[in-house]
Amino acid sequence: MALSPEIEAQILRYYHAERWRIGTIATELHVPRDSVARVLAQAGLPALGPVRRPSAIDPYLPFILETLTQFPRLRASRVYDMVKGRGYPGRPDHFRHLIARHRPRPKAEAYLRLRTLPGEQMQVDWGHFGHLEIGRARRPLMGFVAVLSWSRQIFLRFYLGAYMENFLRGHVGALTAWGGCPRVALYDNPKSAVLERQGSVIRFHPTLLALAGHYRFEPRPVAVARGNEKGRVERAIRFIRDAFFAGRRFTDVDDLNAQADAWVIGPAGERRCPEDEALTVHEAFEQERTRLLTLPGNAFPTDEVKAVCAGKTPYVRFDLNDYSIPHTCVARTLSVVASLDQVRVLDGQTVVATHRRSYDRRQQIEVPEHIATLVAHKHQAAAHRGTDHLVQAVPTSRELLTQ
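Per the numbering used here, the very first residue in the sequence shown carries number -18; after that it's consecutive.
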């Protein structure tokens, strides 16, 4: 917008002499803000800006700057408590904005490009993909993602939860699909892998150590808050979200996993391998496969095993649902052994019930024979009770009943 010389002169006078703000000048002269800023820039005069007024925080700035220099990650609420104890009269909400101006900015950090040898390393992590409504249950949809660091071959499997048994199933599925095992597995300190960590002192989950011993790989957590050390799996999860999961339709988890398998073989395997752009990921994986460790003859057990107490009714509760058992097994402690699609109830080493697993909630999953046997037993008991009452009332009827 072209402005007249008179308007330009007024803009310069209001800004430099009266120290009006650009927005105020634009409002009063009915001109765009951009035009006001352009006139000021073309004038080549130093912009004086607004006058800084004294603030209640000024006497405490030396202490605040010294504290933030020593503890740059200290929360503003804690700094506020410290200066308030020294007499600061201001409110905490405004104090946060003041602290943000003076907090030291973290220095930019450079990272080395990490390279690995074929067959040397895989990176493992969970990705959260929302929830699924199954009947009355709302289950988290978790994606187990493992990536071979050299070829970038992806293994993707979806589960209804990120608990330990699914973590194990993901490992076994990945190693089986690849036909071998790398020598090192990198993790981002999940509870399924690391129970406790103090610096370099790490207490691994004993079940993960058993898995690693079975397949002969080394579990290795990355440093705390160092996601760049396992950037391959982080990027793979982002790639899965954008290129596979976004907008995808599926009927259930089995259907989703079938689509994931086809996608891993197809589009995901047709990418160029970053380690050797002359190869696709699938071609690089075929080369890396020969460098993997040989798998043992038997797979690591991944069934869920849980002790359950059967009460007076012929049911045991497992994973939000009740499963029927024979009435002869009530009032004792039993064991539940569950796979992804089957629930078995054991009394010692004897299987007393087998059911299809339900991922709904508050359901009674029954074997008809269990209930029918209990009903027949109750009817037989009722007949015996009637005989006992008759004998007690008429003792001489015992001889008649025995004939």
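Backbone N, C-alpha and C define an ideal beta-carbon position, used for all residues, glycine too.
- With a cutoff of 7 Å on beta-carbon distance, Ala280 and Val105 are scored as not near each other.
- With fewer than 16 other Cβ atoms inside 10 Å of its own Cβ, Thr50 counts as exposed.
- When Cβ pairs closer than 8 Å are counted between the two stretches, the region 124 to 134 is seen to touch the region 265 to 279, the count reaching three or more.
- Residue Glu114 holds the alpha-carbon nearest to the alpha-carbon of Thr232 among Gly71, Glu114 and Leu79.
- Membership of Gly212 in the alpha helix (DSSP H) is indicated by the continuous run Gly212 to Ile221.
- For Arg0, no alpha helix (DSSP H) segment is defined, and its DSSP state is neither H nor E.
- In this structure, the alpha-carbon of Thr188 lies about 26 Å from that of Asn302.
- With contacts defined as CB atoms closer than 7 Å, Glu215 and Val165 fail to qualify as a contacting pair.
- Looking at the backbone, the Cα of Ile(-8) and that of Val17 are separated by about 7 Å.
- For Arg338 and Ala239, the gap between their C-alpha atoms comes out near 20 Å.
- With fewer than 16 other beta carbons inside 10 angstroms of its own, Ser58 counts as exposed.
- When DSSP states are grouped into helix, strand and coil, Asp62 belongs to the helix group.
- By the neighbour-count definition (other C-beta atoms within 10 Å, threshold 16), Lys293 is an exposed residue.
- Of the residues assessed, Cys162 falls on the buried side of the cut-off, its CB having 16 or more other CB atoms within 10 angstroms.
- Under the rule that a run must span 3 or more residues, the beta strand (DSSP E) segments found entirely inside the region 87 to 133 read 102 to 115 and 118 to 129.
- The residues Cys162, Tyr196 and Leu276, in chain order, have a CB closer than 7 Å to that of Leu156 in the same chain once the five nearest residues on each side in sequence are set aside.
- Relative to the Cα of Asp300, the nearest Cα in the group Phe220, Glu285 and Thr314 belongs to Glu285.
- Where Pro202 is concerned, there is no enclosing alpha helix (DSSP H), although the beta strand (DSSP E) around it starts and stops at Glu199 to Pro202.
- Within the model, the alpha-carbon separation for Arg272 versus Arg201 is close to 20 Å.
- Judged by DSSP secondary structure, Asn302 falls within the beta strand (DSSP E) whose first and last residues are Asn302 to Ser305.
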